[in-house]
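Numbering (UniProt numbering), first residue to last: 1 to 88. Just so you know, even glycine gets a beta-carbon here, dropped at the ideal spot from N, CA and C. Keep in mind that this is a model prediction, so the values were computed, not measured. Take a look at the structure set out below.
Shown next, in the form of structure tokens:
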């Protein structure tokens, strides 16, 4: 999924590309400012995450549009240290 798109843009893409809207990927890409490939990936990921384009009215949940958890190095800053840093 496009990592630099916010959840509102993803919701726009999914709602416009749904069959009830009748927009094609190039039309949605033009409206949203994303590439056709990004539009298709966002829509495919939403369907993969449980979005059903055939249900009326459309139901868009955050879980359909969120990024997947990413692996990476865990933070070394504890909650206690965060409070100390923010408090100063």
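Checklist entry - Taking Cβ positions, are residue 26 and residue 53 nearer each other than 7 Å? => result No, they are not a contact pair.
Checklist entry - residue 42 to residue 72, Cα distance in whole Å? => result If you take the alpha carbons of residue 42 and residue 72, they lie about 23 Å apart.
Checklist entry - Where does the unbroken alpha helix (DSSP H) through residue 18 begin, and where does it stop? => result Premise fails: residue 18 is in no alpha helix (DSSP H) and is neither H nor E.
Next on the checklist: Any contact between the stretch 8 to 15 and the stretch 57 to 67? By contact I mean 3 or more CB pairs, one from each, below 8 Å.
Outcome noted: Contact between the stretch 8 to 15 and the stretch 57 to 67 is present, because at least three Cβ pairs lie under 8 Å.
Checklist entry - Is the beta carbon of residue 14 sitting closer than 7 Å to the one on residue 46? => result Yes, these two residues count as a Cβ contact at 7 Å.
Next on the checklist: My output table needs one value for residue 2: the three-state DSSP class, helix, strand or coil.
Outcome noted: Legend: pLDDT at residue 2 = 49, less than 50; position of this residue unreliable, no value from coordinates given.
Checklist entry - Count the other CB atoms within 10 Å of the CB of residue 76; is the residue buried (16 or more) or exposed (fewer)? => result Of the residues assessed, residue 76 falls on the exposed side of the cut-off, its CB having fewer than 16 other CB atoms within 10 angstroms.
Next on the checklist: Within 10 Å of its beta-carbon, does residue 21 have 16 or more other beta-carbons around it, so buried, or fewer, so exposed?
Outcome noted: Residue 21 comes out exposed.
Item to check | Environment of residue 82 [buried if 16+ CB atoms lie within 10 Å] | outcome: Exposure of residue 82 is indicated by the presence of fewer than 16 other C-beta atoms within 10 angstroms of its C-beta.
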